[in-house]
Each structure stands twice: as structure tokens, then as C-alpha cells.
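Here is the structure we will look at.
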Amino acid sequence: MKKMNIKVPNRIYQEKSPQLKNKFLAAGIKPRDMGNGNVRLSKKGEITVIDYGHFIMD
Numbered sequence: 188m189k190k191m192n193i194k195v196p197n198r199i200y201q202e203k204s205p206q207l208k209n210k211f212l213a214a215g216i217k218p219r220d221m222g223n224g225n226v227r228l229s230k231k232g233e234i235t236v237i238d239y240g241h242f243i244m245d
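Here the sequence shown stands for residues 188 to 245, numbered as in the working numbering.
Pasting the structure below:
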């Protein structure tokens with residue numbers, strides 16, 4: 188697995204995190220700890236969650 192080092196800028200995180208959280212909720216996953224420290228930006232500019240430790244399946 189490749190290591191992702193690019194942190195998501197706050198502006199982009201605040202803009203896109205509600206949409207990402209809604210996608211998880213629609214799939215029956217509660218993202219209880221999806222903060223800016225748990226996401227990274229891919230080379231394609233997509234937000235990727237890197238820590239699923241506090242995500243709960245409904």
C-alpha cells in the first residue's frame with residue numbers, strides 16, 4: 188500500500204467533508220472520527236480516509 192503524505196487543505200476539507208460523511212452514512216457507516224488528521228489527498232485530488240478506527244457499521 189502506498190503511503191499518502193499530502194494533507195487536505197482546511198478549505199477543501201470543510202467544503203467536501205459533509206458530502207463524504209453523507210456517503211458513509213448512506214452506506215450504513217457512522218464516521219465518528221473523520222477529522223482532518225484522518226484524511227489525505229490523493230495525487231488525483233481526491234480525499235481518501237486513511238484511518239477507519241472509529242467508524243461503526245449500523
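Glycine residues also receive a C-beta, built at the ideal position from the N, C-alpha and C atoms.
Give a yes or no on whether the C-beta atoms belonging to residue i and residue j are separated by under 9 Å.
i, j, result
"methionine 221", "lysine 208", "yes"
"lysine 217", "phenylalanine 211", "yes"
"arginine 248", "histidine 241", "Since the first residue of the chain shown is 188 and the last is 245, residue 248 is not available in this structure."
Tell me the rounded alpha-carbon separation between residue i and residue j.
i, j, result
"proline 196", "aspartate 245", "30 Å"
"isoleucine 199", "alanine 213", "22 Å"
"tyrosine 239", "glycine 224", "12 Å"
"glutamine 206", "isoleucine 243", "18 Å"
Looking only at its own chain, which residues have a Cβ that is under 8 Å from the Cβ of residue i, when we skip the five neighbours before and after it?
i, result
"threonine 235", "Met191, Val226, Arg227, Leu228 and Ser229"
"glycine 154", "The structure shown has nothing for residue 154, since the chain only spans 188 to 245."
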